[in-house]
Amino acid sequence: MKITKGFPGLIKDNFPDVRIPLPGISGNLLQGENCQLVFMEFDEDFNAPPHRHKAHWGMVLEGEAEMTISGETQVYGPGEFYIVPEDAEHSARIKKGTRSIDIWFDKDYMTVAPD
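Heads up: the sequence shown begins at -19 in the working numbering, then just goes up one per residue.
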């Protein structure tokens, strides 16, 4: 079966929703012992101001993400990945319709949304 939009039910039905207090962003969480993998979907354009946290790796599956990491700006498209080193200042501009897989190397970065 070819999936052309969104993540399949296999993901949505088996991994809990994450709590993201911003409109137009949703995700499903796979919790690891020391990290979190989140299947992210952006239904609206999103701009993240400069911030810092533990290391973060992500891959764009669909759409486009512009990341500024330690002062260097790069645009990422489908199949491309980015690495944010621990404590590196970074910001993001993510276009509506983008889907990505992101791993935060922090076991508590995201929380599960209440039922």
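All residues carry an ideal CB built from backbone N, CA and C; glycine is no exception.
So, are the CB atoms of residue i and residue j less than 8 angstroms apart?
i: Pro30; j: Ser71; result: yes
i: Gly38; j: Tyr62; result: yes
i: Ile83; j: His36; result: yes
i: Pro58; j: Glu24; result: no
i: Asn8; j: Phe26; result: no
i: Lys34; j: Glu13; result: no
i: Glu44; j: Val55; result: yes
Where does residue i fall in DSSP's three states?
i: Ile0; result: coil
i: Gly7; result: strand
i: Gly38; result: strand
Which one or two residues does DSSP pair with residue i in a beta bridge?
i: Glu52; result: Ile49
Any beta-carbon of chain B closer than 8 angstroms to the one on residue i?
i: Glu60; result: Within the model displayed, chain B is absent; a lone protein chain is all it includes.
So is the beta-carbon of residue i under 7 angstroms away from any non-hydrogen atom of the ligand ADP?
i: Glu13; result: Among the components modelled here there is no ligand, and therefore nothing to report on the ligand ADP.
Would you call the stretch 85 to 95 and the stretch -11 to 5 touching, i.e. three or more CB-CB distances under 8 angstroms?
-> They touch, by the three-pair rule.
Is there contact here, the stretch 7 to 19 with the stretch -14 to -5, by at least three beta-carbon pairs under 8 angstroms?
-> Output reads yes: the stretch -14 to -5 touches the stretch 7 to 19.
Every unbroken beta strand (DSSP E) within the stretch 64 to 88, with a cutoff of 3 residues, ordered by chain | Fully enclosed beta strand (DSSP E) runs of 3 or longer: 70 to 74, 79 to 84.
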